[in-house]
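Novice: Residue numbers (this note's numbering): 424 to 593.
1. Residue 500 to residue 546, Cα distance in whole Å?
2. At what residue ranges does the segment 528 to 581 contain a whole run of the alpha helix (DSSP H), taking only runs of 4 or more?
3. Is any beta-carbon of chain B found at less than 7 Å from that of residue 450?
4. Per DSSP, residue 590 forms a beta bridge with which residues?
5. Can you tell which of 543, 506, 584 and 441 has its C-alpha closest to the C-alpha of residue 469?
6. For the segment 487 to 524, which segments carrying the beta strand (DSSP E) assignment without a break, of at least 3 residues, lie completely within its bounds, in sequence order?
7. For the putative contact between residue 560 and residue 434, defined by C-beta atoms under 8 Å, what is the C-beta separation to the nearest angstrom?
8. Beta carbon of residue 539, beta carbon of residue 554: below 7 Å?
9. Can you give me the Cβ contacts of residue 467 inside the same chain, cut-off strictly under 8 Å, excluding the 5 residues immediately before and after it?
10. On a Cα-Cα basis, can you pick out the residue from 571, 580 and 459 that is closest to residue 543?
11. With distances taken from CA atoms, which of 479, 589, 569 and 576 is nearest residue 558?
12. Only counting the same chain, and skipping five residues up and downstream in sequence, which positions put a Cβ closer than 7 Å to that of residue 475?
13. Going by other Cβ atoms of all chains shown within 10 Å of its Cβ, with 16 needed for buried, is residue 424 buried or exposed?
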């Protein structure tokens, strides 16, 4: 059963004049939350075999720190994930091939919008409520599907959980 983990990058430095948005790095608390999010995903019994990561500095750093707890996962940096929408994210997912569990490390509002778009009957109500308010930094929505990646469409998955790495101290 294909499983999707939609992870939002952890807390990054604030936008600043002269700093490209894609170059914003993680803050210290974001680095800790990234590490913790990887641990929480592993503790939930999830073991991604493919990571699709936005090319921004903050998403790459988030994944690098998460991946310490998630070994044996192939990584692909997907340019399309940086400034995309739900349809663009689904297009990238359609190319996931035979991966069983895929983690997408991306951005808001696309991550929560995609989770809401894909969540169908049988979804966890508490998780749906959390996604409706947007995914905070350092959190991930988990969805399960009964169809291959190439057939994923609106409301065809079950949102089972929202996991957080934010329970760390500064």
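For every residue, glycine included, the Cβ atom is placed at its ideal position computed from N, Cα and C.
Specialist: Reading off the structure:
1. 29 Å
2. 533 to 541 and 548 to 555
3. Included in the structure is just one protein chain, with no chain B present.
4. None, per the DSSP bridge assignment.
5. 584
6. 497 to 500
7. 5 Å
8. yes
9. 565, 584 and 586
10. 580
11. 589
12. 499, 501, 504, 515, 525 and 527
13. exposed
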